[in-house]
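Novice: Please read through the structure below; I'll follow up with questions.
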Amino acid sequence: MTMHDDLVERVCVLEAKDEIRRLMAAYVHARDLANIPVVDYLTEDAVWEGVGRMADVLGRHAIAKRFAGPVPPGLHLLTNESITVNGDDAVGYWTCTTRCPATGAAGPRSTCLTVSSSR
């Protein structure tokens, strides 16, 4: 591999990570406002894994349906990001801290988000 090829590959990885960050930011913004459909941010085979009393939801439209409806706006903060790009595949991990009046929770709660994607 030449130095040029190495630089091109490194720039592609950086651009892929930035694209993933923008997508995640748009997704949590849609969740914050609660009036923007999340279906555009999901793939057909997406999986939303529930924790505790919340059941898993399989598929793009089922997940969108799960989050549809009148929900008060919340706040979703993404932290502890780790994105790995390997060729056309990428996996990202985040901690998402949420304060959402709809849950009735007294304080914020945190969940882990794992996102896998392929070009």
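Everything in the sequence shown is counted per the working numbering, starting at 2 for the first residue and increasing by one.
Note that CB positions come from ideal geometry on N, CA and C, so glycine has one too.
This one's a predicted model, so the numbers in the text were calculated from it and none came from an experiment.
Flag this pair as touching only if the stretch 79-94 and the stretch 62-69 have three or more C-beta atom pairs under 8 Å; answer yes or no.
Specialist: no
Novice: How big is the Cα-Cα spacing for Val-58 and Leu-8?
Specialist: 40 Å
Novice: Would you check if the stretch 29-41 and the stretch 8-21 touch, i.e. whether three or more CB-CB distances between them fall below 8 Å?
Specialist: no
Novice: Rounded to whole angstroms, what is the Cα-Cα separation between Thr-115 and Gly-93?
Specialist: 6 Å
Novice: Exposed or buried, which one is Ala-91 when buried takes at least 16 other CB atoms within 10 Å?
Specialist: buried
Novice: Cα separation between Glu-45 and Val-12?
Specialist: 29 Å
Novice: Ordered along the chain, which non-local residues of its own chain (more than five positions away) have a Cβ less than 8 Å from that of Leu-43?
Specialist: Arg-61, Ile-64 and Ala-65
Novice: To which residues does DSSP link Val-171 through a beta bridge?
Specialist: What is shown of the chain runs 2 to 120, which leaves residue 171 out entirely.
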